[in-house]
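Just so you know, my numbering puts 86 at position 47 of the sequence shown, and the rest follows in order with no gaps. Just so you know, even glycine gets a beta-carbon here, dropped at the ideal spot from N, CA and C. Below is one structure, written out as structure tokens; the observations come after it.
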Amino acid sequence: LQSAFMFIEVKFRILMGFFQVFFSFQRTFQKGTVDTDTSLLEMITGLNPSRLADEFNIRCAYDYNHYDTLFLYTLVPIVFVIVVVGVYMLLSRVYNKYKESVRQETITTVFYLTFLVYPGVSQTILETYLCEEFPTADGTEIFKSALRADYRLSCEDSKQRVIALVYASIMLIVYPIGIVLLYVSFLKRYHDLILKQDSTNLNQDEKSKLKRVSFLIYPYKTERYWFETYELFRKLIQTSLVAFLQDTV
Numbered sequence: 040l041q042s043a044f045m046f047i048e049v050k051f052r053i054l055m056g057f058f059q060v061f062f063s064f065q066r067t068f069q070k071g072t073v074d075t076d077t078s079l080l081e082m083i084t085g086l087n088p089s090r091l092a093d094e095f096n097i098r099c100a101y102d103y104n105h106y107d108t109l110f111l112y113t114l115v116p117i118v119f120v121i122v123v124v125g126v127y128m129l130l131s132r133v134y135n136k137y138k139e140s141v142r143q144e145t146i147t148t149v150f151y152l153t154f155l156v157y158p159g160v161s162q163t164i165l166e167t168y169l170c171e172e173f174p175t176a177d178g179t180e181i182f183k184s185a186l187r188a189d190y191r192l193s194c195e196d197s198k199q200r201v202i203a204l205v206y207a208s209i210m211l212i213v214y215p216i217g218i219v220l221l222y223v224s225f226l227k228r229y230h231d232l233i234l235k236q237d238s239t240n241l242n243q244d245e246k247s248k249l250k251r252v253s254f255l256i257y258p259y260k261t262e263r264y265w266f267e268t269y270e271l272f273r274k275l276i277q278t279s280l281v282a283f284l285q286d287t288v
């Protein structure tokens, strides 16, 4: 039963990854419109808050822009992780007997969250740097340079623009770079144990520790245990970096 569940989980992750890349291409190359038939699916596969707002017509009450999406998209996962870690610390003290099980579930939950948000939040962060020039604009009624992700926002020097760029730079370290380093640190820490996972003489403690990184290594062969990190780079290129090449495509 457990093998069947893990098989379904792997197929589910593959499907989710496909939709994450698909919707990111839609965002990059089809600006200006939102497909209401797919916005909810995009929100689910990437936990995109702006798509949730579009689905429930929140824009009618509050006209949010790209910077609002950036702040919300980056802050909510951080708050969620803080809550999850807080719950882990509480449960591990109350139920010390199940501390290791709680730790495994906490780590897996954080990995699932990073898997879901990584492509979308990385794209939102990098979109903050992408501007489009308008040579015929007068600079007053029409911006000479506007944010490609949201033409309502000027890329010309302003306090709002500076704050957004500084914030995006911090989040660039936290998400596109930080999540990769998180995966690498776990894989490096359990490297020796991962390579001997096919051994039949693992003790219970080693099996428990191996479960902490099962999310990262289960879908792949032992010698390709690092492949989930490669998947992050692939998604980053397909969902985010491709936007920088948009003008040359």
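For S161, the closest alpha carbon among the candidates V223, I47, L271, S42 is that of L271. Only buried fits G159, as 16 or more other CB atoms lie within 10 angstroms of its CB. If you check the CB distance, K250 and L232 do not come in under 8 Å. Relative to the Cα of T147, the nearest Cα in the group S42, Y269, E48, I276 belongs to E48.
Taking every protein chain shown into account, the CB of H230 has fewer than 16 other CB atoms within 10 angstroms, so this residue is exposed. Around Y106, the same chain offers A203 as residues with beta carbons nearer than 6 Å, after the five sequence neighbours per side are excluded. Segment contact: the segment 118-131 against the segment 162-175, fewer than three CB-CB distances shorter than 8 Å; contact not assigned. By alpha-carbon distance to T163, the top candidate from Y269, L226, M210 is M210.
Taking a contact as a CB-CB distance under 8 Å, the pair Y222 and L255 counts as one, their CB atoms being some 6 Å apart. Measuring C-alpha to C-alpha distances from T268 to each of T145, G217, V60, F44 identifies G217 as the nearest.
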